[in-house]
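Participant: Next up is a structure, given as C-alpha cells.
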Amino acid sequence: MKFAHDYVTRQAQFATYADAQYDRSWQQGASGAEQLTALHRKQYIFRNISKLASEDTFLHDTTYDDFQDFLRHGEQEEDVHTRAHYLQAYAELSPLFVGIKQTDLGGSEATIGKLAIGAKTLAVKTMKSKNNLPAIVVDRIIRSHGILARGLPHYESLVAADYDAGIAVTDFLPGKTIAQLIFDKNNPTISHIPDEHLQDFGAAVASGLWRGVGGDWKHGNVLYDAASGFYRIDYQPTKTPPPASELQDVQSLMDDIPNHIAFDRTLHQAFRDLGVVTLS
Ligand SMILES: Nc1ncnc2c1ncn2[C@@H]1O[C@H](COP(=O)(O)OP(=O)(O)O)[C@@H](O)[C@H]1O
Ligand SMILES: [Mg+2]
C-alpha cells in the first residue's frame, strides 16, 4: 500500500505545492512574516508528507483550500510528474539497499553508500538530520538535480529519492575532487587534460548557470576523471539569470585551479572562450 501509485503522486503534489508556495513568497519579496508562514507550512508538509498523502487532509482548512486551488490550476503538473517519477524509482530500487554499508565521505549533509547494479554504480545518500529536515534536503536535490539540471551532462544526476527515508540516490561518479588532486601534483591522472574535457565542462557549466543550478563553487565540488572528464557535484538551485556574485564565484574557482595545477591554464581559457565568465 505504501508505494501505491496514488500515494506517490499525492506525495509529489504536496511536495510541489510546498516548494512552489515557499519559492513564490521568497522570489516575490513577501514580507518577513509571510515568508516565515510559508517556511513553516513547507516544514509542516515535509514533516508529515506520508501522513498527508495517505489521509488527504491538512490541519488548517484555509491551507487545504489553497492546495486544491493549486491542483486545479495544474501549472506545475510537470514538476509533480517528475517528483513522482523519482519517488516511484525509489520504491522499486530500495529492496536492493538492504545491508549496504554507508560511508561518511566527509559530506556535511549525507553519508554515502555505494551500490553496483549491473554496469552502473549508484551513490545512496542518507541525509544526516543535523540542520535541515531530511525531507526538505531531499526535495532540494530533486529540484536541482531532477528538475532544473535533468539530463545536463557533467552534472551529478538523480536516480531516485524518498522523503520518509531521507535518501537521494545519484550516479556514483568516477574520479577525484580537484581538492584531492591538488594535493597530488604528480598524479598521472592530471598530467594531461584533453581540451575536449575542458570544453565539455565549460559548456555544461554555462548551461547550468542559465538553468538555475550552481552555488558553492569550490575544489571539493568538482570531480575529475581521466577517462570521462569533469563533473559538478553538490550543487543547488540558484537565481536566474545568474547574479554577478555567482559568476564571480565560478571565475574565482577557475582562476584558482591553475595556481595549483600548472598545466591547467586551458581550463580558465575554456571558460573565457565560452563567455561563461566576464574577465576584466
Ligand atoms: N555522486 C558522487 N559520486 C562520487 N563521489 C561523491 C558523490 N557525491 C559525493 N561524493 C564524494 O563525497 C564528498 C562529499 O560530498 P558533498 O556532496 O560534496 O558533500 P559536502 O560538500 O557537504 O561535504 C565529495 O567531496 C566526494 O568525494
Ligand atoms: Mg561538497
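Just add 15 to the spot in the sequence shown (first one is 1) and you have the numbering used here.
Heads up, the beta-carbon is just placed ideally off N, CA and C, and yes, glycines get one too.
Small disclaimer: the values here were computed from a predicted structure and weren't measured.
Nearest CA to the CA of threonine 78: which residue from Gln50, Ala33 and Ala106?
Facilitator: That would be Ala33, whose Cα lies nearest to the Cα of threonine 78.
Participant: Comparing alpha-carbon positions, which option in Lys191, Arg226, Phe216 and Phe85 lies nearest glutamine 251?
Facilitator: Of the listed residues, the one whose Cα sits closest to glutamine 251 is Arg226.
Participant: Quick check on this structure: which residue in Gly229, Lys135, Phe112 and Gln36 has the alpha carbon closest to the alpha carbon of alanine 60?
Facilitator: For the sequence presented, residue 60 should be read as isoleucine rather than alanine. Closest option to isoleucine 60, Cα to Cα, is Gln36.
Participant: When burial is assigned at 16 or more other CB atoms within 10 Å of the CB, is histidine 160 buried or exposed?
Facilitator: Burial call: buried.
Participant: In this structure, how does DSSP classify isoleucine 132 when only helix, strand and coil are distinguished?
Facilitator: Reduced to three states, the DSSP call for isoleucine 132 is strand.
Participant: Are there 16 or more other CB atoms within 10 angstroms of the CB of serine 136, so buried, or fewer, so exposed?
Facilitator: First, the amino acid is wrong: residue 136 is threonine here, not serine. That one is exposed.
Participant: Please go through the segment 79 to 115 and give each complete alpha helix (DSSP H) segment of 4 or more residues, from N-terminal end onward.
Facilitator: Counting whole runs of 4 or more residues, the segment 79 to 115 contains the alpha helix (DSSP H) stretches 92 to 108.
Participant: Would you identify the three-state DSSP class for proline 252, choosing helix, strand or coil?
Facilitator: Looking at proline 252 - three-state DSSP - the assignment turns out to be strand.
Participant: Hey, how far is the Cα of alanine 134 from the Cα of leucine 188?
Facilitator: Taking the straight line from one Cα to the other gives about 13 Å.
Participant: According to DSSP, is tyrosine 246 part of a helix, a strand, or is it coil?
Facilitator: Tyrosine 246 falls in the strand class under three-state DSSP.
Participant: Assuming alanine 183 and leucine 108 form a contact by the criterion Cβ under 8 Å, report the distance between their Cβ atoms to the nearest whole angstrom.
Facilitator: Between leucine 108 and alanine 183 the Cβ distance is about 12 Å, and since that is not below 8 Å, they are no contact.
Participant: Check whether the segment 189 to 196 and the segment 207 to 226 touch, using three or more Cβ-Cβ pairs below 8 Å as the test.
Facilitator: Touching, no.
Participant: Would you mind working out which of Ser260, Ala53, Arg62 and Thr52 sits nearest proline 149, comparing C-alpha positions?
Facilitator: For proline 149, the nearest C-alpha among the options comes from Arg62.
Participant: For histidine 184, list the residues DSSP reports as bridge partners.
Facilitator: The question names histidine, but residue 184 in the sequence shown is valine. Note: valine 184 sits in a beta bridge opposite Val139 and Ala175.
Participant: If you run the structure through DSSP and keep just helix, strand and coil, what is threonine 126?
Facilitator: In the structure shown, threonine 126 sits in a strand (DSSP, three-state: E or B).
Participant: Taking the straight line between their C-alpha atoms, what separation do you get for isoleucine 157 and alanine 125?
Facilitator: Distance between the alpha carbons of isoleucine 157 and alanine 125 is about 15 Å.
Participant: State yes or no: is the C-beta of asparagine 63 nearer than 7 Å to some heavy atom of ligand 2?
Facilitator: Asparagine 63: no, Cβ never under 7 Å from ligand 2.
Participant: Enumerate in chain order the residues of its own chain whose CB-to-CB distance from proline 257 is below 6 Å, with the five nearest sequence positions on each side excluded.
Facilitator: Closer than 6 Å at Cβ, skipping near neighbours: Leu224.
Participant: For ligand 2, is there a heavy atom less than 7 Å away from the beta-carbon of aspartate 186?
Facilitator: Answer for aspartate 186: no, Cβ out of range of ligand 2.
Participant: Check this for me: beta carbons of valine 152 and leucine 102, under 8 Å apart or not?
Facilitator: Not in contact: valine 152 and leucine 102 (Cβ atoms no closer than 8 Å).
Participant: Using the beta-carbon count (16 or more within 10 Å), is arginine 39 buried or exposed?
Facilitator: Burial call: exposed.
Participant: Please state whether DSSP places lysine 191 in a helix, a strand or coil.
Facilitator: Of the three classes helix, strand and coil, the one that applies to lysine 191 here is strand, per DSSP.
Participant: Is it the case that the Cβ atoms of histidine 169 and phenylalanine 216 are separated by a distance below 8 Å?
Facilitator: Taking 8 Å as the Cβ cut-off, histidine 169 and phenylalanine 216 qualify as a contacting pair.
Participant: Counting C-beta neighbours from all protein chains within 10 Å, is the total for aspartate 71 16 or more, i.e. buried, or is it exposed?
Facilitator: It is exposed - the Cβ of aspartate 71 has fewer than 16 other Cβ atoms within 10 Å.
Participant: Would you please state the rounded distance, in angstroms, between the beta carbons of glutamate 171 and tyrosine 246? I believe it to be under 8 Å.
Facilitator: With a Cβ gap of about 6 Å, glutamate 171 and tyrosine 246 count as contacting.
Participant: Where does leucine 238 fall in DSSP's three states?
Facilitator: Strand, per DSSP.
Participant: Kindly indicate the opening and closing residues of the alpha helix (DSSP H) around threonine 52.
Facilitator: 47 to 62 is the span of the alpha helix (DSSP H), which, as asked, contains threonine 52.
Participant: Based on the DSSP output, what are the partners of glycine 227 in its beta bridges?
Facilitator: Answer is none; glycine 227 lacks a bridge partner.
Participant: Less than 8 Å between the beta carbons of glutamine 26 and tyrosine 178, yes or no?
Facilitator: Yes, the pair counts as a contact, with Cβ atoms nearer than the cut-off.
Participant: Alpha carbons only, please: which of Gln28, Ala164, Asp210 and Gly190 is nearest the one belonging to glutamine 83?
Facilitator: With distances taken between Cα atoms, glutamine 83 lies closest to Gln28.
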